[in-house]
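*Asks:* Mind having a look at this structure? Questions to follow.
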Amino acid sequence: DGGITQSPKYLFRKEGQNVTLSCEQNLNHDAMYWYRQDPGQGLRLIYYSQIVNDFQKGDIAEGYSVSREKKESFPLTVTSAQKNPTAFYLCASSIPGQGWPTEAFFGQGTRLTVV
Amino acid sequence: GESVGLHLPTLSVQEGDNSIINCAYSNSASDYFIWYKQESGKGPQFIIDIRSNMDKRQGQRVTVLLNKTVKHLSLQIAATQPGDSAVYFCAEGTGRRALTFGSGTRLQVQP
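Chains as they are written, first to last, in the working numbering: chain A, 840 to 954; chain B, 228 to 338.
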């Protein structure tokens, strides 16, 4: 079945450590996105990539890094520079907009907790 | 910056009633809008979308209305069921930019 797979589902990190969240899609979508969601809040854009080997910062990119070496993969690294990393992280993919609404398909999320 | 927001953080309805979830937006250049449903601990799921040159679009048990004059969007759910209980987000899209999401409304369906 086609879809987006995020792993792990739960992740614990010690303060000062970097961690990498995985996002893989087999939908053949060009565009991929990372969002952060805090309790009772909406989704805030961290980074997005419209094509392989290219990505742009979103609204809250500080303390995060990404890479897009393959079309199907868009890993997110939460660095020690991110002061408040505990959150629910969502990865999404879509076909880049061509005018008509472009639905973003989401993974099931990774819940990151700093201990 | 531009924002997409919601009027009511929580909406409680009786099973079988119709639900209306509202969303205000500020970006008059938005090309389209999408409603998502998010159940606890899961990623958002697409419900319905509407392009900015439309006023209304209907799906199965859902209708989205767009009023560009007052920059208002609504999602109507007919005959609300317990399985409709979730958080609903509106999102705004412009060209090739990533979607911008509102803060969400929690829908609680009372049996």
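For glycine and all other residues, C-beta sits at the position ideal for the given N, C-alpha and C.
1) Check the C-beta distance from Tyr259 (chain B) over to Gly320 (chain B) and give it rounded, since I have them as a contact under 8 Å.
2) With DSSP run on the structure shown, which of helix, strand or coil describes Gly842 (chain A)?
3) Measure the alpha-carbon distance for Leu860 (chain A) versus Leu292 (chain B) and round it to whole angstroms.
4) Based on Cα-Cα distance, which residue from A:Thr941, A:Ile934, A:Gln947 and A:Gln876 lies nearest to Val891 (chain A)?
5) Whole-angstrom Cβ separation of Lys264 (chain B) and Tyr315 (chain B), contact assumed at under 8 Å?
6) List the residues that DSSP assigns as beta-bridge partners of Asp893 (chain A).
7) Tell me whether Gly320 (chain B) sits in a helix, a strand or coil according to DSSP, three-state version.
8) Of all the CB atoms in chain A, is at least one closer than 8 Å to the CB of Glu229 (chain B)?
9) Of the residues B:Arg288, B:Ser239, B:Arg324 and B:His299, which one's Cα is nearest the Cα of Ser255 (chain B)?
10) At a cut of 8 Å, does the stretch 859-873 of chain A reach the stretch 911-927 of chain A through at least three beta carbon pairs?
11) Which complete beta strand (DSSP E) runs does the stretch 269-318 of chain B hold, if anything under 3 residues is left out?
12) Please classify Asn249 (chain B): does DSSP put it in a helix, a strand, or coil?
13) What span of residues does the beta strand (DSSP E) with Ile261 (chain B) cover, start to end?
14) Can you tell me whether DSSP reads Arg907 (chain A) as helix, strand or coil?
15) Express the C-alpha separation of Gln880 (chain A) and Thr327 (chain B) in angstroms, rounding to a whole number.
*Replies:* The answer reads as follows:
1) 5 Å
2) coil
3) 37 Å
4) A:Ile934
5) 6 Å
6) A:Ile890
7) strand
8) Because Glu229 (chain B) sits at a pLDDT of 39, beneath the cut-off of 50, its placement in the model cannot be relied upon, and the point is left open.
9) B:His299
10) yes
11) 272-278, 283-285, 289-294 and 299-304
12) strand
13) Tyr259 to Gln265
14) coil
15) 13 Å
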